[in-house]
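Q: Residues in the sequence shown are numbered from 0 upward in steps of one, following numbering that gives the first Met the number 0. The beta-carbon is built from N, C-alpha and C at its ideal position, and this holds for glycine as well. Since the structure is predicted, the reported quantities are computational estimates derived from the model, not experimental observations. Here you go, one structure.
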Amino acid sequence: MLSFRRRRAHSFPGRLAGAVAAAVVFAALSSTPPAQAQSADDEATQAPAERPAPASDIDCSGLPDHRALAAALKKIVTPGDTETNGGLGNNMWAVVVDRSGAVCTVAHSGDSFDAQWPGSRAIAASKAFTANAFSLKGFALSTANLFWPSMPRNSLYGLETSNPIRPEAVYRGPATSWGTEADPIVGQRIGGITLFAGGLALYTPKGDLIGGLGLSGDQSCTDHVIAWKVRHTLNLDNVPKGVSPDGDDNIIYDLSVDPGSGQTKSASGYGHPTCSPGATEIAKNFPSTFPTGPEE
């Protein structure tokens, strides 16, 4: 699908970082015995004083509500389709946070919370928080751009420990509310830092930075592809400047192995591993198929 958007040329001076290889590890999911699950739900219902209060200064104006986010997500994601977005063809989670990092909206493309990886709900929220937290009005960084700088011996090594996620907020039930308008993380600042692809900052057509978007549920490169398309669909991709060769926050595939040292390096200093040939090609074509900039 082609999109007719105004493109803007930007430039950014690249900088080199150190070199080391890394792998993304997914944790196995476990189920809670029914009695314990009921106990957790009872606690959430019967002890409101112990539950985190919603952020009092949350500002979701200009951001998609649940219906709009879910509609955009389902427009982009077709379960079982491994061609359109690359990857595994999974259902997905999407989370939007405001500029302060408070969760505004949570949605999933499947019919229930377990139609996509349940563990990816927290990852999507963390990606949204990360992209928003490390972007500015005049400069965007996607979570994909943060992968290489956060590797050992590089300038942002250890960044993942800087804003720990709040598990007591993430795992409150009932689980059937996850991804609905009643999702218990809505209104919460749950934090979390995720340093692989799938998180993007959100910019209005006027160029104001108003929050972040996180996608999770597939290979991380496909998470980025879907996040990019969802952001474009919402017309929140007027990115001012970024580290990619096109001057935006697109994923950069420039990791290589130095033949002399045998070490992995990134020419730009902001590289990300490839996941699948399909996802790589789709992202490389974004300047023409899904360009950043306000809709005209």
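Tell me which residues share the same chain as Ala143 and place their Cβ nearer than 6 angstroms to its Cβ, disregarding the 5 neighbours each side in the sequence.
A: Cβ within range, chain order: Ala196, His223, Ile250, His271.
Q: With 16 as the cutoff for other CB atoms within 10 Å, does Lys264 come out buried or exposed?
A: When all chains shown are included, Lys264 counts as buried.
Q: Where Glu280 and Pro239 are concerned, what is the direct C-alpha to C-alpha distance, given to the nearest angstrom?
A: Glu280 and Pro239: Cα-Cα distance of roughly 24 angstroms.
Q: For Ala123, which of Gln218, Lys74, Gly88, Thr81 has the nearest alpha-carbon?
A: For the residues Gln218, Lys74, Gly88, Thr81, the minimum Cα distance to Ala123 belongs to Gln218.
Q: Under the three-state reduction of DSSP, which class applies to Ser267: helix, strand or coil?
A: Reduced to three states, the DSSP call for Ser267 is coil.
Q: Is the Cβ-Cβ distance between Asn90 and Val76 less than 8 angstroms?
A: Taking 8 angstroms as the Cβ cut-off, Asn90 and Val76 qualify as a contacting pair.
Q: CB Val169 to CB Ala127, shorter than 8 angstroms?
A: Taking 8 angstroms as the Cβ cut-off, Val169 and Ala127 do not qualify as a contacting pair.
Q: Quick check on the DSSP output: the beta strand (DSSP E) that includes Trp92 runs from which residue to which?
A: First-last of the beta strand (DSSP E) with Trp92: 92–97.
Q: To which residues of the same chain is His231 closer than 6 angstroms at the C-beta, ignoring the five residues directly before and after it?
A: Closer than 6 angstroms at Cβ, skipping near neighbours: Phe289.
Q: Closest by CA to Asp245, which one among Ala181, Gly292, Ser55?
A: The candidate whose alpha carbon is nearest that of Asp245 is Gly292.
Q: Using C-beta distances below 6 angstroms, list every residue in its chain close to Asp182, excluding the 5 sequence neighbours before and after it, in chain order.
A: Cβ within range, chain order: Val105, Ser176.
Q: According to DSSP, is Thr288 helix, strand or coil?
A: Three-state result, Thr288: helix.
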